[in-house]
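Chemist: Below: one structure in C-alpha cells.
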Amino acid sequence: MFYRHSLTLALALALSFSAFASSSSTNIIGGTNVSDSDPDGASTVALVATLSKGQAICTGSLLSASLIVTAAHCVTDERGGVLSPKAMTIVFGSDVRAKNRILAPVAGLKRHPGYDPEASGKDLNDIAVVRFAGGLPPGFRPAKLLSASTAIPNGGAAVLVGYGVNTMAGGGSGAGVLRKVTAEVADGKFAKTEVLIDQRNKKGACHGDSGGPAFARKGKDLLLWGVTNRGYPDNGPDDCVHYSVYTRITTQMAFINSAARALR
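Position one of the sequence shown corresponds to residue 1 (this note's numbering), numbered consecutively onward.
Below, the structure written as C-alpha cells:
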C-alpha cells in the first residue's frame, strides 16, 4: 500500500486510536488545527485501514451523504490488491482520538481500474470512491466542486486539509488531528489529470494526508478540486518539503459517476 512517495501513513495502533501521538503543534506541515466548528473541515473525514502489520490513516472528501473520494493507494493492500470494505473505518471529527469522534462502517469501495500501485510517472489514476453507512453526522456536508471550466493558475492558492503528520522529525508525528494550510500551485497543468503543489516553503501535505482535499477559496466558500496523491519527484527525499501531486477531480468524473452508480 505504500509505494514511492504516496502520502499514506502506516501506524501501529488499535481501533481505539489510543496510540496516535498527541500534538499541540499548529501544523499539517506548516498549517493550523481545524476545530470541530470550523466550516473548512466540514467535508473532510479520516479513513483508517486495518492491514496485516497494523493500520494506516488517510484522508477523504465527502461527495454526498454516503460517498467519499480519496486516493486509490488508500484502498490498496500491501500486495497491491483492493482492500475489503470490512478492513476500513471512516472517522468523523477533528481528532480521531477524541471521545466525541463518530465512526462509520464502509459499505463498499471502487478503485480506479487504471490504477497500478507499481506505476510511476504522471496521470496515475490514483483515485477511489468509498461508500459508507449511517449518513452524515451533524455539522458535516458534502463538498462543493470547482467547475471543470475553472483553471487552476500557477501561483494560485490551494487550501489543503488532512489528518497527516505535522513534522517529519523522528519519522513523523502528530497524525490523527485535522489541519489545514494554504500552499501555492506550482503547475496547474502538470499532467492531463494532475496538478503540482509547491511545498518548498515547508507548507503542504505529508504522510496521512493522502486522499485529502485541495480547495480553491471563493469568497466564503471552499470549492473542492483535488485529491492528494504523492510527493514529487518520485526519487526525491521523503521529507514533504518539495512538491506534491494532486488529481484534478473533474478530469475523473467518468470514473466517479460510474463508481457511484455501482455502489448504490
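For every residue, glycine included, the Cβ atom is placed at its ideal position computed from N, Cα and C.
With DSSP run on the structure shown, which of helix, strand or coil describes PHE255?
Modeler: helix
Chemist: Could you give the DSSP three-state label for ALA49: helix, strand or coil?
Modeler: strand
Chemist: How would you write the range of the beta strand (DSSP E) that GLU184 sits in, first residue to last?
Modeler: 179-187
Chemist: Pair every Cβ in the stretch 186-201 with every Cβ in the stretch 129-144, then say whether three or more of these pairs are closer than 8 Å.
Modeler: no
Chemist: Do you know whose CA, among ARG131, VAL195, SER147 and SER120, lies nearest SER66's CA?
Modeler: ARG131
Chemist: Pop quiz: SER64 and SER43 are said to be a contact at Cβ under 8 Å. What is the actual Cβ separation, rounded to whole angstroms?
Modeler: Not really, about 10 Å apart at Cβ, beyond 8 Å.
Chemist: Report yes if the CB atom of TYR243 is closer than 8 Å to the CB atom of ASP198, and no otherwise.
Modeler: yes
Chemist: Determine the direct distance from the alpha carbon of GLU194 to that of ALA148, and round the result to whole angstroms.
Modeler: 13 Å
Chemist: So, helix, strand or coil for ILE127, using DSSP?
Modeler: When DSSP states are grouped into helix, strand and coil, ILE127 belongs to the coil group.
Chemist: At which residues does the beta strand (DSSP E) containing GLY236 begin and terminate?
Modeler: Under the DSSP assignment, GLY236 falls outside any beta strand (DSSP E); it carries neither an H nor an E label.
Chemist: Can you list, in chain order, the residues of its chain with a C-beta nearer than 6 Å to that of LEU136? Leave out the 5 residues immediately preceding and following it.
Modeler: ALA65
Chemist: Which of the three DSSP states is assigned to PRO105 in this structure?
Modeler: Per DSSP, reduced to three states, the secondary structure at PRO105 is strand.
Chemist: Quick one: what's got a C-beta closer than 7 Å to ALA128's C-beta in the same chain, skipping five residues either side?
Modeler: THR70, ALA71, ALA72, CYS74, VAL75, LEU109, LYS110, ARG111 and HIS112
Chemist: Starting from LYS86, trace the beta strand (DSSP E) both ways and give me its first and last residue.
Modeler: Where LYS86 is concerned, there is no enclosing beta strand (DSSP E), given that its DSSP letter is neither H nor E.
Chemist: Please look up how many angstroms separate the CB atoms of VAL185 and GLY156, rounded, as I've assumed it's under 8 Å.
Modeler: 5 Å
Chemist: Please list the terminal residues of the continuous beta strand (DSSP E) segment that includes VAL227.
Modeler: 221-232
Chemist: Check whether the stretch 208-223 touches the stretch 34-50, taking contact to mean three or more Cβ pairs, one atom from each stretch, closer than 8 Å.
Modeler: Note that the stretch 208-223 touches the stretch 34-50; at least 3 beta-carbon pairs, one per stretch, sit closer than 8 Å.
Chemist: If distances are taken between C-alpha atoms only, which option among THR150, PRO153 and ILE102 comes closest to PRO138?
Modeler: ILE102
Chemist: State buried or exposed for LYS203, treating a residue as buried only when at least 16 other CB atoms are found within 10 Å of its CB.
Modeler: buried
Chemist: So, helix, strand or coil for PRO39, using DSSP?
Modeler: helix
Chemist: Quickly, what does DSSP pair LEU145 with across the bridge? List them, please.
Modeler: LEU224
Chemist: What's the call for SER52, buried or exposed, on a 16-neighbour Cβ count within 10 Å?
Modeler: exposed
Chemist: Using CA coordinates, which residue listed in ASP234, ARG248 and ASN201 is at the minimum distance from LEU223?
Modeler: Comparing Cα-Cα distances from LEU223 to each of ASP234, ARG248 and ASN201, the minimum goes to ARG248.
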